[in-house]
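So the protein lines, in turn, are chains B and Z.
Read in our numbering, the first sequence has 66 at position 66, and its numbers run on one by one without any break.
Adding 1000 to a residue's 1-based position in the second sequence gives its number in our numbering.
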Amino acid sequence: MGKRAVTKNKNSRKSPKARQLVEISLRPDDITMTTPDKKLYTFVLKPEHRGKIIAIANGSKKKVIAFGTHYNSVVAKAKKLSNGAFSIMFAPEKGVIYTR
Amino acid sequence: MPIHDYHFTVVDRISRPKLWIRVSNPKDRNKRTQPILAKVDPGTDVSLFPSDVADEIGIDLTDAKEANVTGVMTKGNARLSRARIEALDVDHSLITGATQTIDVGFIEGGLLFLLGADFLKSFVLTIDYPNEVFSLTRP
């Protein structure tokens, strides 16, 4: 994993809403998913996570603890690794525009 | 309630409206999933989840009604069954007044979690793209 550097949004001093938008710069292959909130929900998605169902550990250090193409196997693996404190989502492919 | 100024989720610097939810078996609410981040998609008629979600919460799809699903990212047969969907705040606390029991389409081998019009139709959905927030309020 590459070295991470935390960079605050330019507008972070202007309003609380802008302050919530924070990005973490990573090595070029990594992508970040950020859910701006009181605590900030940011973690790293590696290229192999893309297009897969992923499990994210809860707590202060959020990271992908399991991933795969079958929901049940991802949940089973995540349960073993996290004592049940995790959440589930689909990690989109990079550059894919989702439409219907 | 229910949901005011819920921030978009940013992936690859693309912001999308997504909502944390928990899916449970309406016949046994103790059988429920971990928090799931679902895409708010008013263009989807029926909310769609992988069929494994039904297995996890003890919903038997053997005799469930089948429906064809067509979309850019989702193609195949879905099995429709009642499921209880709770909306969660970003910290995964329950948002009161935003729980719905609806017919969900469970897709074999599906990967996406889509919250469709069947869930959203009880609310006024406001998507504020410039400020990257959305709200679900009662009419």
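Each residue gets a CB set at the ideal place from its N, CA and C atoms; glycine is no exception.
{"Item": "What residues match up with Z:S1122 in a beta bridge as DSSP calls it?", "Value": "None, per the DSSP bridge assignment."}
{"Item": "Go ahead and pull the three-state DSSP assignment for Z:P1155.", "Value": "The structure shown has nothing for residue 1155 of chain Z, since chain Z only spans 1001 to 1139."}
{"Item": "Taking the alpha carbon of Z:T1126 as the point to measure from, which residue in Z:V1046, Z:N1068, Z:V1040 and Z:G1076 has its own alpha carbon closest?", "Value": "Z:V1040"}
{"Item": "Interface residues of chain B around Z:V1053 at Cβ under 8 Å?", "Value": "Y71"}
{"Item": "Could you give the residue range of the beta strand (DSSP E) that holds Z:S1015?", "Value": "I1014 to R1016"}
{"Item": "Tell me, which residues are paired with Z:Y1006 by DSSP?", "Value": "Z:F1134"}
{"Item": "Residues in its own chain within less than 8 Å of B:I65 by CB, not counting five upstream and five downstream?", "Value": "A55, I56, A57, K77, A78, L81, S82 and F86"}
{"Item": "Closest to Z:A1078 by CA distance: which of Z:F1106, Z:L1061 and Z:T1062 is it?", "Value": "Z:F1106"}
{"Item": "With a threshold of 8 Å between beta-carbons, can B:K80 be considered close to chain Z, or not?", "Value": "no"}
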